[in-house]
Amino acid sequence: MTYDIAIIGGGVVGTAIARELSRYDLKTVLVEARSELGDEASKGNSALMCSGVDVPAGSLERRLVRRGYARYCAEAPAMGLPIRKVGAIVLAWNEEQEATLDKDLADARENGFAAEALGSTEVYRRWPHFGPGIRCGLWLPDEAIVDPFSTPHAYALDALENGVEIRRAWRVQRAEPAAQGWRLHGPDGQLEARCVVNAGGIRGDEVDALAGHSDFAIRPRRGQYMILDKSASAIHDVIAMPAPTPTTRGILIAPTIFGNVLVGPTAEDVTDRDDRRVTEDGLRQLRHAIATIAPVLADQPVNTIFAGMRPATQFRDYQIIPRLSQRWLTVGGIRSTGLSASLGIAEHVVGLLIPALFDAPRKPNTRPITVPDLSEAAQRPWQDTARIHCDPDYAEMVCHCERISLGEIRDALASPLAPSTLNGLKRRTRAMFGRCQGFYCGARVQALLDAQVP
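Using this note's numbering, read the sequence shown as starting at 38 and increasing by one per residue.
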């Protein structure tokens with residue numbers, strides 16, 4: 038098979054690029070090594086939609102985060118993707134942190150971001166459950182929370198609906214120059230593309246090495262998280278974080294779009310990019326963050342703990358490297374802001390390719406898609422009497438903790454990009470996300486999956 042463009046990597050950045058390219062008269066394929074899209078760095082993050090205010094000024098990252106944020110706010114609702122602007126409060130406990138916030142406030146105002154300085158009295162008036170000793174805070178009202186799992190799925194579904202081919206479980210084993218671009222060898226044969234976009238995420242340097250490039254090295258950074266039960270959201274409903282340091286944004290406490298409260302991430306440089314262990318030291322750091330920021334949460338039930346992996350490099354900024362003469366474009370080093378920047382990155386990447394390499398017209402029309410809104414605030418199928426009247430499967434509960442019906446699981450399994458693993462089905466529906474973590478419903482959810490997946 039011959040394509041105009043092959044995208045390697047099906048995380049939130051790769052799927053966003055595929056969606057953007059689907060707007061043009063091009064033959065595009067996206068290949069993903071794993072059997073599920075968004076199954077590497079994109080599945081383990083803080084689920085924040087950042088405005089860019091806390092990204093270094095003058096960087097490519099800030100420009101693309103800012104653009105991605107604006108586009109997400111404008112385009113996500115039509116795709117069914119929820120977004121809640123809960124705002125963020127950045128906190129200072131000492132003079133050094135206070136000076137950092139003063140500098141960040143000046144930068145925010147200079148660059149047109151919404152920001153407000155709050156004294157200690159005002160911080161405690163708004164959030165009386167915060168721990169003692171806070172000197173001041175920086176209020177950022179535009180910071181938001183989103184669904185990190187449905188986002189790459191919606192991008193991919195949109196791309197598929199508008200002409201992009203998607204191959205899962207297709208790891209690129211070898212890349213070699215071809216007459217018109219590149220020949221990529223995979224598990225069941227090969228394909229040729231006039232141009233390759235490397236959006237390999239945590240394995241981006243390995244993908245680049247297939248083409249003989251070594252401009253950066255992935256230095257995996259593990260982030261451990263704790264998810265508190267939904268009862269915690271009645272106490273804490275704001276993104277709260279310490280003043281950043283030159284090396285980390287610190288551990289934050291934030292609501293999730295699913296109605297829980299998230300604590301994390303830690304920031305640990307590791308050598309194994311598959312090392313997603315949860316450690317005693319990591320849990321100690323998370324508990325310390327709770328004790329410092331919101332000690333009243335210490336008694337809240339913990340639903341689950343997990344670790345994500347961020348594709349950090351030796352460079353502070355994104356590594357978007359166009360090698361147009363070689364028909365290879367690298368999108369690397371997209372760290373924790375990748376979810377927020379994804380649509381901005383996609384627009385930037387396509388702007389590098391069109392018209393420089395492809396004189397491709399924009400399609401006059403595209404077909405819209407909509408994914409189920411999985412947010413806690415949305416009307417759930419079991420609450421929709423008209424829907425249940427038409428199809429009683431939406432009233433039959435499978436996952437009682439999250440109130441996920443048989444109809445929802447059935448619909449996910451009938452999707453054009455149906456999940457093929459239990460974790461994929463969980464992220465597509467919220468089944469097994471609740472307090473019992475699948476103790477009650479896990480066997481039935483697995484049986485429903487087994488009945489659909491060969």
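Backbone N, C-alpha and C fix where the C-beta goes; we use that ideal spot for every residue, glycine too.
If I measure Cβ to Cβ from D91 and keep anything under 6 Å in the same chain, skipping five residues before and after, which residues do I get? Correct list: empty, nothing qualifies.
Quick check on DSSP: helix, strand or coil for G149? When DSSP states are grouped into helix, strand and coil, G149 belongs to the coil group.
Is it the case that the Cβ atoms of A331 and R258 are separated by a distance below 8 Å? Not in contact: A331 and R258 (Cβ atoms no closer than 8 Å).
For A488, count the other beta carbons within 10 Å of its own beta carbon; 16 or more makes it buried, fewer makes it exposed. Which is it? Per the 10 Å Cβ criterion, exposed.
Restricting to Cα atoms, I'd like to know which of D430, R417, S362 is closest to G218. Checking every option, the nearest Cα to that of G218 belongs to S362.
Report the rounded CA-to-CA distance for R146 versus A94, giving the unit in angstroms. Distance between the alpha carbons of R146 and A94: 12 Å.
Which two residues bound the contiguous beta strand (DSSP E) that contains R258? From DSSP, the beta strand (DSSP E) with R258 extends over 258–265.
Could you have a look at A397 and say whether DSSP puts it in helix, strand or coil? DSSP places A397 in coil when its eight states are reduced to three.
So for N340, helix, strand or coil by DSSP? When secondary structure is reduced to three states using DSSP, N340 falls in the strand class.
Whole beta strand (DSSP E) elements within the segment 279–357, 3-residue minimum: Taking only runs of at least 3 residues, the beta strand (DSSP E) segments lying wholly in the segment 279–357 are 289–292, 298–301, 339–347.
Rounded separation between T158 and A84 - CA only: Between the C-alpha atoms of T158 and A84 there is a straight-line separation of about 30 Å.
Distance, R372 Cα to Y355 Cα: C-alpha separation (whole angstroms): 8 Å.
Which residues in the same chain have their Cβ closer than 8 Å to the Cβ of S72, if we skip the five residues on either side of it in sequence? So the list reads R205, A206, S457, T458, G461, once near-sequence residues are dropped.
Beta-carbon contacts of G296 that lie in its chain and below 6 Å, excluding the five residues immediately before and after: Answer for G296: K267, S270, E413, listed in chain order.
Environment of K21 [buried if 16+ CB atoms lie within 10 Å]: This structure cannot speak to residue 21, because the chain is shown only from 38 to 491.
If you draw a straight line from the alpha carbon of L450 to that of D179, how long is it in whole angstroms? A direct Cα-Cα distance of roughly 35 Å separates L450 from D179.
Report the rounded CA-to-CA distance for P185 versus A349, giving the unit in angstroms. Spanning the two alpha carbons is a distance of roughly 19 Å.
Decide if H37 is buried, meaning its Cβ has at least 16 other Cβ atoms within 10 Å, or exposed. The structure shown does not extend to residue 37, since the chain spans only 38 to 491, so no value can be given for it.
In three-state DSSP terms, what is I255? Three-state result, I255: coil.
Inspect the CB distances between the segment 62–69 and the segment 39–51 and report whether three or more fall short of 8 Å. Enough Cβ pairs lie closer than 8 Å, so yes.
Buried or exposed: where does D195 fall if 16 or more other Cβ atoms within 10 Å of its Cβ makes it buried? The Cβ neighbour count for D195, taken over all protein chains shown within 10 Å, is at least 16; the residue is labelled buried.
For a quick check, are the C-beta atoms of I126 and V275 less than 8 Å apart? Against a cut-off of 8 Å, the Cβ pair of V275 and I126 comes out as a contact.
State buried or exposed for Q322, treating a residue as buried only when at least 16 other CB atoms are found within 10 Å of its CB. Answer is buried; the Cβ neighbour count reaches 16.
P165, DSSP secondary structure in three states: In the structure shown, P165 sits in coil (DSSP, three-state: anything other than H, G, I, E or B).
If you compare alpha carbons, which of L366, Y477, N199, V482 is closest to G237? Answer by Cα proximity: L366.
Which first and last residues belong to the alpha helix (DSSP H) in which P189 is found? Here the alpha helix (DSSP H) through P189 covers 187–198.
Sufficient close CB pairs (3 or more, under 8 Å) joining the segment 115–134 to the segment 168–182: Touching, yes.
Taking a contact to mean a Cβ-Cβ separation below 8 Å, would you say L376 touches V123 in this structure? Using a Cβ distance threshold of 8 Å, L376 and V123 do not count as a contacting pair.
Span separating the alpha-carbon of V201 from that of A55: The alpha-carbon separation between V201 and A55 amounts to approximately 7 Å.
On the CB-based measure, 16 or more other CB atoms within 10 Å of its CB, does K463 come out buried or exposed? Label assigned to K463: buried.
Relative to the alpha-carbon of M116, which residue among I406, T422, S452 has its alpha-carbon at the smallest distance? Taking the Cα of M116 as reference, the smallest distance to any Cα among I406, T422, S452 is reached at I406.
For D225, count neighbouring Cβ atoms within 10 angstroms of its own Cβ and tell me buried if that reaches 16, exposed if not. Flag for D225 reads exposed.
What does a CB cutoff of less than 7 Å around A393 pick up in its chain, not counting 5 residues either side in sequence? Closer than 7 Å at the Cβ level, and outside the excluded window around A393, lie L361.
How is D41 classed by DSSP in three states: helix, strand or coil? In this structure, D41 counts as strand in the three-state DSSP scheme.
Integer Cβ distance of G301 from M263, believed to fall under 8 Å: G301 to M263, Cβ: 6 Å. Contact.
When the Cα atoms are used, what is the spatial distance from P453 to G287? About 39 Å.
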